[in-house]
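Report on the structure given below.
2 protein chains.
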Amino acid sequence: MGDRSWDEFEIIRRFFSRMGSPFAEEIQTGIGDDAAVVKRGKDAWTLVTHDMMVEDVHYRASWMSPFNLARKLSKVNISDIAAMAGTPEYALLSIALPDTLPAGWLEDFSEGLQMTFLEYGVSLIGGDTSRSPGPVMVAITLMGSCGPWGPLLRHAPNAHETLYVSGTLGDAALGLAILNHDPLAAAHSDEEDVAYLTRRHLDPTPRLELGQMLAAKGLATTLIDISDGLIGDLEHLLEGVTLGAEITYDAIPRSPAFTRLAPRFHPTPEALILSGGEDYELLFTSPHAPSELKKRAPLVAERVTAIGKITETGEITVVKDGKPIRMESGGFRHQFHQKGTS
Amino acid sequence: MGDRSWDEFEIIRRFFSRMGSPFAEEIQTGIGDDAAVVKRGKDAWTLVTHDMMVEDVHYRASWMSPFNLARKLSKVNISDIAAMAGTPEYALLSIALPDTLPAGWLEDFSEGLQMTFLEYGVSLIGGDTSRSPGPVMVAITLMGSCGPWGPLLRHAPNAHETLYVSGTLGDAALGLAILNHDPLAAAHSDEEDVAYLTRRHLDPTPRLELGQMLAAKGLATTLIDISDGLIGDLEHLLEGVTLGAEITYDAIPRSPAFTRLAPRFHPTPEALILSGGEDYELLFTSPHAPSELKKRAPLVAERVTAIGKITETGEITVVKDGKPIRMESGGFRHQFHQKGTS
Chain A
1 MGDRSWDEFE IIRRFFSRMG SPFAEEIQTG IGDDAAVVKR GKDAWTLVTH DMMVEDVHYR
61 ASWMSPFNLA RKLSKVNISD IAAMAGTPEY ALLSIALPDT LPAGWLEDFS EGLQMTFLEY
121 GVSLIGGDTS RSPGPVMVAI TLMGSCGPWG PLLRHAPNAH ETLYVSGTLG DAALGLAILN
181 HDPLAAAHSD EEDVAYLTRR HLDPTPRLEL GQMLAAKGLA TTLIDISDGL IGDLEHLLEG
241 VTLGAEITYD AIPRSPAFTR LAPRFHPTPE ALILSGGEDY ELLFTSPHAP SELKKRAPLV
301 AERVTAIGKI TETGEITVVK DGKPIRMESG GFRHQFHQKG TS
Chain B
343 MGDRSWDEFE IIRRFFSRMG SPFAEEIQTG IGDDAAVVKR GKDAWTLVTH DMMVEDVHYR
403 ASWMSPFNLA RKLSKVNISD IAAMAGTPEY ALLSIALPDT LPAGWLEDFS EGLQMTFLEY
463 GVSLIGGDTS RSPGPVMVAI TLMGSCGPWG PLLRHAPNAH ETLYVSGTLG DAALGLAILN
523 HDPLAAAHSD EEDVAYLTRR HLDPTPRLEL GQMLAAKGLA TTLIDISDGL IGDLEHLLEG
583 VTLGAEITYD AIPRSPAFTR LAPRFHPTPE ALILSGGEDY ELLFTSPHAP SELKKRAPLV
643 AERVTAIGKI TETGEITVVK DGKPIRMESG GFRHQFHQKG TS
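Chain order of the listed sequences is A and B. As numbered in my numbering, the first sequence has no gaps in its residue numbers, which increase by one up to the final residue, 342. As numbered in my numbering, the second sequence has no gaps in its residue numbers, which increase by one up to the final residue, 684.
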């Protein structure tokens with residue numbers, strides 16, 4: 001039948017989703033959430049996540065300094081803990097490095113790591129180092145805890161709940177488009193918008209405090225961070241339920257810099273907003289409408305924007321100017337090919 | 343000054359050893375032991391380790407099937423938990439794969455993982471999947487626990503204690519020499535010795551039960567698994583103390599297969615025994631001489647061999663036929679080069 005091709009979610013689902021000991025009753029959530037959750041007794045959970053970054057897959061050395069690489073790798077993992085309403089604690093670092101590195105590479109990388117870990121209270125407790133005959137590969141396993149209210153999971157939202165996002169969407173994807181367009185110009189740009197947008201891609205901000213507030217005050221039913229793109233991560237949120245969502249396109253928050261520069265660097269800014277990914281903002285559902293949320297938790301309300309509702313339709317619809325817009329499903333996925341034998 | 347070159351232990355020591363939050367009092371052992379130890383309350387510890395395997399660095403696809411790769415990756419990590427006297431529990435899998443894989447690769451790999459995890463009671467709870475523009479890279483983060491007696495650490499032995507090893511040494515290194523010599527012949531050999539030795543390299547046996555018995559009965563002062571080679575790992579055991587060790591070469595246990603085949607495949611079998619590595623046997627120090635150990639714990643005594651003593655000399659000496667033999671320090675280390683700027 002020739003080659004078979006899978007994306008990364010399919011590989012996980014098909015080969016690795018139901019593996020291991022049937023006796024592990026402590027596993028509250030395994031594969032399929034932002035982080036795994038292991039119950040450690042009454043009101044105590046260990047969260048653990050693992051994310052890697054591979055040169056020429058997740059970034060290019062032409063626009064990602066070792067300092068920023070360490071920061072982004074750390075923050076991508078911290079964001080997974082934020083998306084469980086947790087607190088990051090311990091990290092293991094895995095690095096595979098080519099025989100020859102540019103001058104100062106290790107100094108810059110370790111400085112970026114140190115700064116980020118100090119900022120977020122993370123301790124490096126272990127890891128592994130190897131030679132790489134190919135690209136630089138770096139990965140972090142991050143462990144964390146959560147308060148007595150427990151972790152906030154991806155599943156499952158209820159019909160008619162309000163969909164909220166933090167911050168603004170599309171910035172990181174537009175930042176990436178600018179970096180790929182002209183990395184040197186982007187790095188040395190004195191244009192404030194360019195600096196802001198590329199920083200949003202290179203050095204995202206995990207929404208730890210927001211995640212913890214949502215859980216502590218019981219404001220959210222489901223929570224996920226936007227790494228694959230709004231639609232892609234919304235699909236993850238809706239996995240296993242027959243519900244759908246309706247999003248009001250014009251309600252999706254975007255930054256002034258995005259509004260000004262998007263048309264210059266991308267033919268369809270809508271794609272950046274809906275499927276761009278890597279903003280590491282939080283997406284959650286809540287039984288509370290915006291007015292009610294503002295009453296209950298003004299500090300939460302001022303950080304988030306209502307962008308739509310969970311519906312009973314089983315579909316995701318995005319409405320712009322009163323009409324549904326066409327869109328491609330899913331976010332960013334790696335494609336793999338395995339040679340077929342039959 | 344031209345290029346600078348470091349080995350992996352130096353990279354860890356120099357760039358990553360003192361990193362992170364100063365508030366983490368729960369970290370009983372961080373970087374520098376087989377696994378990190380986080381205290382979780384009275385008589386409760388979380389052990390966590392991370393080991394990776396990179397194609398053409400740790401193995402060659404010509405002699406390592408995806409099935410064996412998954413088994414070895416799992417067992418190398420399980421051995422780190424064994425070396426803390428722990429029990430493995432939860433795993434995160436990290437895989438970076440080239441765009442095109444041989445037919446059946448993922449099926450074989452996941453079958454090897456599943457079989458090993460079931461055998462050792464490990465549950466897969468998370469991880470990450472990426473494309474690799476270079477070699478296959480696989481890694482596991484393994485979490486575990488230990489009994490109320492706590493973990494057994496590498497540090498620090500006392501003078502005059504007896505050094506013990508489990509199993510036989512040199513088999514895995516000789517197996518590797520055979521695989522590299524003629525992988526096809528090794529794979530299809532009907533010679534029992536060849537099959538045994540290559541299996542010792544491809545599919546090592548973590549000594550979980552032995553590690554747990556040593557801790558439960560309070561028989562060992564220090565414990566480490568032999569991954570870098572006897573001398574290299576003995577050096578790890580002696581780090582931070584001014585002690586040394588004297589090893590009786592002829593007391594080091596070796597298999598009949600090793601004795602028969604070593605001269606055929608290697609000019610200096612002593613190097614395989616002393617620095618070969620990857621046997622994943624346990625090395626420990628005990629205040630009990632062999633006769634006393636046999637009285638206290640016959641089940642332990644029958645699995646281990648006394649090979650020498652901790653001395654006050656500050657040096658490691660290996661005595662063969664009554665005379666110290668010359669040897670190179672250390673085990674297997676990756677070398678890195680970073681371009682110098684000054």
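Beta carbons: idealized from backbone N, C-alpha and C, even for Gly.
Notebook entry, point to check: Is the CB of F674 of chain B under 9 Å away from at least one CB in chain A?
Noted result: Position 332 of the second sequence, counted from the start, is the residue given in the question as residue 674 of chain B. Here F674 of chain B scores only 44 on pLDDT, less than 50, and its place in the model is too uncertain to base an answer on.
Next item on the list: Determine the DSSP secondary structure at I273 of chain A, reduced to helix, strand or coil.
Entry: The residue labelled residue 273 of chain A in the question sits at position 273 within the first sequence. Assigned with DSSP and collapsed to three states, I273 of chain A falls in helix.
Next item on the list: Kindly indicate which residue of A:E89, A:G211, A:A177 has the alpha-carbon position closest to the one of R264 of chain A.
Entry: Within the first sequence, the letter at position 264 stands for residue 264 of chain A. By alpha-carbon distance to R264 of chain A, the top candidate from A:E89, A:G211, A:A177 is A:A177.
Notebook entry, point to check: How long is the line joining the alpha carbons of R549 of chain B and A425 of chain B, rounded to whole angstroms?
Noted result: For the purposes of this step, residue 549 of chain B is taken as residue 207 along the second sequence, with counting starting at 1. For the purposes of this step, residue 425 of chain B is taken as residue 83 along the second sequence, with counting starting at 1. One C-alpha to the other measures close to 8 Å.
Item checked: Counted within 10 angstroms of its Cβ, other Cβ atoms place R668 of chain B as buried (16 or more) or exposed -> Looking up residue 668 of chain B in the second sequence gives position 326. Under the 10 Å beta carbon count, R668 of chain B is surrounded by fewer than 16 other beta carbons and is classified as exposed.
Next item on the list: Note down, in chain order, every chain A residue with its Cβ under 9 Å from the Cβ of G372 of chain B.
Entry: Along the second sequence, read from residue 1 onward, the residue named residue 372 of chain B stands at position 30. In chain order: Y90, S123, L124, I125, G126.
Checklist line | Candidates A:A159, A:P290, A:L238: closest to D33 of chain A by CA position | finding: If you number the first sequence from 1, residue 33 of chain A lands on position 33. Shortest Cα-Cα distance from D33 of chain A to any of A:A159, A:P290, A:L238 involves A:L238.
Notebook entry, point to check: If we count the other Cβ atoms within 10 Å of its Cβ and call it buried at 16 or more, is R598 of chain B buried or exposed?
Noted result: For the purposes of this step, residue 598 of chain B is taken as residue 256 along the second sequence, with counting starting at 1. Going by the sequence as given, residue 598 of chain B is Pro instead of Arg. Around the beta carbon of P598 of chain B, fewer than 16 other beta carbons lie within 10 angstroms, which makes this residue exposed.
Check: So the beta strand (DSSP E) V48 of chain A belongs to, where does it begin and stop?
Finding: The sequence position of residue 48 of chain A within the first sequence is 48, counting from 1. Element bounds for V48 of chain A: 45-54.
Item checked: C-beta atoms of L92 of chain A and S132 of chain A nearer than 9 Å -> On the first sequence, position 92 is the one that residue 92 of chain A refers to. On the first sequence, position 132 is the one that residue 132 of chain A refers to. Cβ distance not < 9 Å, so L92 of chain A and S132 of chain A don't count as in contact.
Checklist line | Member of B:I437, B:M395, B:D524 whose CA lies at the smallest distance from the CA of V54 of chain A | finding: The residue labelled residue 54 of chain A in the question sits at position 54 within the first sequence. Ranked by Cα distance from V54 of chain A, the options B:I437, B:M395, B:D524 are led by B:I437.
Check: Of the residues A:L169, A:P151, A:H201, which one's Cα is nearest the Cα of P183 of chain A?
Finding: As a first step, residue 183 of chain A must be located in the first sequence, where it is residue number 183. It is A:H201 whose Cα lies nearest to the Cα of P183 of chain A.
Item checked: Closer than 9 Å to chain B by CB, F67 of chain A -> Position 67 of the first sequence, counting from 1, holds the residue named residue 67 of chain A. Not one chain B Cβ lies under 9 Å of F67 of chain A.
Next item on the list: Evaluate contact between the segment 103-115 of chain A and the segment 151-166 of chain A, counting only Cβ atoms and requiring at least three cross-stretch pairs below 8 Å.
Entry: For the pair of segments examined, the segment 103-115 of chain A was found not to touch the segment 151-166 of chain A: the number of CB pairs separated by less than 8 Å stays below three.
Check: Between the C-alpha atoms of L565 of chain B and V507 of chain B, what's the straight-line distance to the nearest angstrom?
Finding: To locate residue 565 of chain B, count along the second sequence from 1; it is residue 223. To locate residue 507 of chain B, count along the second sequence from 1; it is residue 165. Rounded to whole angstroms, L565 of chain B to V507 of chain B spans 10 Å at the Cα level.
Item checked: Whether L505 of chain B touches A557 of chain B by CB criterion (9 Å) -> In the second sequence, residue 505 of chain B corresponds to position 163, counting from 1. In the second sequence, residue 557 of chain B corresponds to position 215, counting from 1. A557 of chain B sits away from L505 of chain B, with the two beta carbons spaced by 9 Å or more.
Note to self: For chain B, check one thing: does any of its Cβ atoms lie closer than 9 Å to the Cβ of M64 of chain A?
What the structure shows: The residue you call residue 64 of chain A lines up with position 64 of the first sequence. No, because no Cβ of chain B sits closer than 9 Å to the Cβ of M64 of chain A.
Next item on the list: Determine the direct distance from the alpha carbon of P135 of chain A to that of S617 of chain B, and round the result to whole angstroms.
Entry: The sequence position of residue 617 of chain B within the second sequence is 275, counting from 1. The sequence position of residue 135 of chain A within the first sequence is 135, counting from 1. Cα to Cα, S617 of chain B sits roughly 29 Å from P135 of chain A.
Next item on the list: Would you grab the beta carbon distance between A139 of chain A and D470 of chain B for me? Rounded to a whole angstrom, and I think it's under 8 Å.
Entry: By one-based count along the first sequence, residue 139 of chain A stands at place 139. By one-based count along the second sequence, residue 470 of chain B stands at place 128. Here A139 of chain A really is in contact with D470 of chain B; their C-beta atoms are around 7 Å apart, less than 8 Å.
Item checked: S94 of chain A: first and last residue of the uninterrupted beta strand (DSSP E) it sits in -> Taking the first residue of the first sequence as position 1, residue 94 of chain A is located at position 94. In the DSSP assignment, S94 of chain A falls within the beta strand (DSSP E) that extends over 87-97.
Notebook entry, point to check: In or out: P546 of chain B buried (at least 16 other Cβ within 10 Å) or exposed?
Noted result: On the second sequence, residue 546 of chain B is found 204 positions in, with the first residue counted as 1. The residue is buried, with at least 16 neighbouring Cβ atoms inside 10 Å.
Margin query: Please report whether the beta-carbon of Q554 of chain B lies at a distance below 9 Å from any beta-carbon of chain A.
Written below: Here the question's residue 554 of chain B lines up with position 212 in the second sequence. For Q554 of chain B, no CB of chain A lies under 9 Å from its own CB, so it is not counted at the interface with that chain.
Check: Mind pulling the chain A residues with CB within less than 8 Å of P475 of chain B?
Finding: Position 133 of the second sequence, counted from the first residue, corresponds to residue 475 of chain B. Using a Cβ-Cβ cut-off of 8 Å, P475 of chain B is close to V54, E55, D56, V57, G134, P135 of chain A, given in chain order.
Notebook entry, point to check: What is the rounded straight-line gap between the Cα of G582 of chain B and the Cα of R496 of chain B?
Noted result: The count along the second sequence starts at 1 and reaches residue 582 of chain B at position 240. The count along the second sequence starts at 1 and reaches residue 496 of chain B at position 154. So the alpha carbons of these two residues sit roughly 11 Å apart.
Note to self: Counting only Cβ pairs nearer than 7 Å, list the residues of chain B close to R40 of chain A.
What the structure shows: In the first sequence, residue 40 of chain A corresponds to position 40, counting from 1. Result: R382.
Next item on the list: Please list the partners that D51 of chain A has in chain B, where partner means a Cβ-to-Cβ separation under 8 Å.
Entry: Mapped onto the first sequence, residue 51 of chain A falls at position 51. Listed along chain B, the residues sitting closer than 8 Å to D51 of chain A by beta-carbon distance are D470.
Margin query: In whole angstroms, give me the CA-to-CA distance for T29 of chain A and H58 of chain A.
Written below: For the purposes of this step, residue 29 of chain A is taken as residue 29 along the first sequence, with counting starting at 1. For the purposes of this step, residue 58 of chain A is taken as residue 58 along the first sequence, with counting starting at 1. Straight-line Cα distance between these residues: approximately 27 Å.
Checklist line | K417 of chain B burial status per 10 Å Cβ neighbour count (16 or more: buried) | finding: Translated into positions along the second sequence, residue 417 of chain B becomes position 75. K417 of chain B should be labelled buried.
Item checked: Which of helix, strand or coil DSSP assigns to I12 of chain A -> As a working mapping, residue 12 of chain A is identified with position 12 in the first sequence. Taken through DSSP and simplified to helix, strand or coil, I12 of chain A comes out as helix.
Check: Under a three-way DSSP split, which group does L375 of chain B fall into?
Finding: Translated into the one-based positions of the second sequence, residue 375 of chain B becomes position 33. Residue identity check: residue 375 of chain B is Asp in the sequence provided, not Leu. D375 of chain B falls in the strand class under three-state DSSP.
Note to self: What are the residues in the segment 436-457 of chain B lying within 7 Å of chain A by C-beta distance?
What the structure shows: Answer set for the segment 436-457 of chain B: S436, A438, L439, D441, T442, L443, P444, A445, G446, W447, L448, S452, L455, Q456.
Checklist line | Terminal residues of the beta strand (DSSP E) in which I652 of chain B lies | finding: Here residue 652 of chain B corresponds to residue number 310 of the second sequence, with the count starting at 1. Run containing I652 of chain B: 646-653, per the beta strand (DSSP E) assignment.
Check: Expressed to the nearest angstrom, what Euclidean distance is found between the alpha-carbon atoms of F16 of chain A and V661 of chain B?
Finding: Taking the first sequence and counting its residues from 1, one reaches residue 16 of chain A at position 16. Taking the second sequence and counting its residues from 1, one reaches residue 661 of chain B at position 319. Cα-Cα distance, rounded: 49 Å.
Check: Closer than 8 Å: is that where the CB of V241 of chain A sits relative to any heavy atom of the ligand NAD?
Finding: Summarising the ligand content, the structure contains no ligands, and the ligand NAD is consequently not present.
Item checked: For S65 of chain A and W105 of chain A, the rounded distance between their alpha carbons -> Counting from 1 along the first sequence, the entry for residue 105 of chain A is found at position 105. Counting from 1 along the first sequence, the entry for residue 65 of chain A is found at position 65. Those two C-alpha atoms are separated by around 8 Å.
Next item on the list: Identify the continuous beta strand (DSSP E) that holds K320 of chain A and give its terminal residues.
Entry: As a first step, residue 320 of chain A is located in the first sequence; it is residue number 320 there, counting from the start. Segment 316-320, the beta strand (DSSP E) holding K320 of chain A.
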